[in-house]
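Written below as structure tokens is the structure these notes are about.
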Amino acid sequence: MIDIHSHLIPGVDDGSQSLEESLSLLKQAEQDGITELITTPHFMKNGEFRTKAPELVQRFNELKQAYKGPIKLHLGNELYIHPDLPELLEKGEILTLAESDYILVEFPFRDYKDEYDEILYELALRYRIIIAHPERYRYVQEDPNFCLRWLNEGYYLQANQNSLFKKETKKALVSMIEHGFVSFVASDAHNEHRPCLLSEAKALLEEEFGNTIAFQLIEENPRKILSNEKILHYHGKIIQKKRWKLNLKIFYS
4 MIDIHSHLIP
14 GVDDGSQSLE
24 ESLSLLKQAE
34 QDGITELITT
44 PHFMKNGEFR
54 TKAPELVQRF
64 NELKQAYKGP
74 IKLHLGNELY
84 IHPDLPELLE
94 KGEILTLAES
104 DYILVEFPFR
114 DYKDEYDEIL
124 YELALRYRII
134 IAHPERYRYV
144 QEDPNFCLRW
154 LNEGYYLQAN
164 QNSLFKKETK
174 KALVSMIEHG
184 FVSFVASDAH
194 NEHRPCLLSE
204 AKALLEEEFG
214 NTIAFQLIEE
224 NPRKILSNEK
234 ILHYHGKIIQ
244 KKRWKLNLKI
254 FYS
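One rule links them: number in the numbering used here = place in the sequence shown (from 1) + 3.
Shown next, in the form of structure tokens:
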């Protein structure tokens, strides 16, 4: 299994706060069967977490040196939407995922502004965009059709594993996965309460959607990030009546 979203560099965001905590989380990940992992500290231009790439690389290398286990570690960022992201990426001040063309982008949880689409459009001229945990956003929970504004542009969606087990996120997420909206499931690990685990989610995905979908979301598609390959995904329109229905459309991006 490959985890593309986690917060394991000590002291740079709201994730791990010590080297000991990071090593403990990595030990859990080993035991869970994770073989490769991208750690993705938050970057918020106008927020609390603004550590830039040179310092992140240094701290990441310190973590790699301290960690003696078998998991292969990679570095990236979770980028909070901001007009300066294209320039900061171009300057190398913030990071793509594992030195690939993929970037992980986060949005406000309650409100979405049309201007974000303009920022994404500019980013998409150079990068492949992954939307972080859309099932956690209020506007997606209210109507999963909201994701079509991203999917129709060829962007990818990454869901959090624990969202499969939470009442407030499970209904929308299950429908999104069933109808091909989601390309990745990751841990978004922060601490012992949000650990670096994927096996329970994999088991649920296998039970609900079959082995092929589980493999795609937790291993096949994540591996394509590491090899910087394009990912095929498809989506359909969810119609929210008594039951969500859809018409599927397969497309290449």
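Just so you know, even glycine gets a beta-carbon here, dropped at the ideal spot from N, CA and C.
Could you tell me the distance, in whole angstroms, from the CA atom of residue i to the CA atom of residue j?
{"i": "His236", "j": "Lys30", "result": "32 Å"}
{"i": "Arg62", "j": "Leu11", "result": "10 Å"}
{"i": "Asn155", "j": "His238", "result": "9 Å"}
{"i": "Arg53", "j": "Leu98", "result": "12 Å"}
{"i": "Leu251", "j": "Glu65", "result": "With a pLDDT of 40 at Leu251, under the threshold of 50, the modelled position of this residue cannot be trusted, and the question is left open."}
{"i": "Thr43", "j": "Leu78", "result": "6 Å"}
{"i": "Leu22", "j": "Pro13", "result": "6 Å"}
{"i": "Leu107", "j": "Ile134", "result": "6 Å"}
{"i": "Pro89", "j": "Glu121", "result": "11 Å"}
{"i": "Lys48", "j": "Lys174", "result": "33 Å"}
{"i": "Ile37", "j": "Ser103", "result": "20 Å"}
{"i": "Met4", "j": "Gln34", "result": "11 Å"}
{"i": "Glu96", "j": "Pro57", "result": "7 Å"}
{"i": "Leu151", "j": "His8", "result": "22 Å"}
{"i": "Gln144", "j": "Leu229", "result": "30 Å"}
What is the residue span of the beta strand (DSSP E) that residue i lies within?
{"i": "Glu109", "result": "Tyr105 to Glu109"}
{"i": "Glu90", "result": "It is not in any beta strand (DSSP E) - Glu90 instead sits in the alpha helix (DSSP H) that spans Leu88 to Glu93."}
{"i": "Leu154", "result": "That residue, Leu154, is in no beta strand (DSSP E); its alpha helix (DSSP H) goes Leu151 to Leu154."}
{"i": "Ile41", "result": "Glu39 to Thr42"}
Can you tell me whether residue i is buried or exposed, with buried defined as 16 or more other CB within 10 angstroms of its CB?
{"i": "Val15", "result": "buried"}
{"i": "Leu128", "result": "exposed"}
{"i": "Gln161", "result": "buried"}
{"i": "Pro86", "result": "exposed"}
{"i": "Val60", "result": "exposed"}
{"i": "Glu81", "result": "buried"}
{"i": "Arg139", "result": "buried"}
{"i": "Gln219", "result": "buried"}
{"i": "Glu118", "result": "exposed"}
{"i": "Asp17", "result": "exposed"}
{"i": "Phe112", "result": "exposed"}
{"i": "Ser19", "result": "buried"}
{"i": "Ala69", "result": "exposed"}
{"i": "Lys248", "result": "Confidence is the limiting factor: at Lys248 the pLDDT is only 44, short of 50, which leaves the residue's position unreliable, though a coordinate-based value still follows. Exposed, because fewer than 16 other Cβ atoms sit within 10 Å of the Cβ of Lys248."}
{"i": "His136", "result": "buried"}
{"i": "Tyr105", "result": "buried"}
{"i": "Gly183", "result": "buried"}
Kindly give me the distance between the Cβ atoms of residue i and residue j, rounded to whole angstroms, as I take these residues to be in contact under 8 Å.
{"i": "Tyr83", "j": "Glu109", "result": "5 Å"}
{"i": "Pro198", "j": "Ala206", "result": "In fact, because the Cβ distance is near 16 Å, the residues do not count as touching under 8 Å."}
{"i": "Ile258", "j": "Lys227", "result": "What the structure shows of the chain is the stretch from 4 to 256, and residue 258 is not part of that stretch, so it cannot be assessed."}
{"i": "Ala204", "j": "Gln164", "result": "4 Å"}
{"i": "Asp6", "j": "Ser190", "result": "5 Å"}
{"i": "Val177", "j": "Glu211", "result": "7 Å"}
{"i": "Leu201", "j": "Ile180", "result": "Not confirmed; about 14 Å, so no contact."}
Alpha helix (DSSP H) containing residue i: first to last residue?
{"i": "Gln34", "result": "Leu22 to Asp35"}
{"i": "Glu118", "result": "Glu118 to Ala127"}
{"i": "Ile133", "result": "Taken as a continuous stretch (DSSP letters only), Ile133 belongs to no alpha helix (DSSP H), being part of the beta strand (DSSP E) at Arg131 to Ala135."}
{"i": "Asn163", "result": "Where Asn163 is concerned, there is no enclosing alpha helix (DSSP H), although the beta strand (DSSP E) it sits in stretches over Tyr159 to Asn163."}
{"i": "Ile228", "result": "Asn224 to Leu229"}
{"i": "Glu145", "result": "Arg141 to Glu145"}
Spell out whether any CB of chain D is found under 9 Å from the CB atom of residue i.
{"i": "Ile221", "result": "Included in the structure is just one protein chain, with no chain D present."}
Item to check | Length-filtered (4 minimum) alpha helix (DSSP H) runs lying within the stretch 172-222 | outcome: Those alpha helix (DSSP H) runs which fall completely within the stretch 172-222 and span 4+ residues are 202-212 and 214-218.
Checklist entry - Which runs of the beta strand (DSSP E) spanning at least 3 residues fall entirely within the stretch 44-92, listed in chain order? => result 75-78 and 81-83
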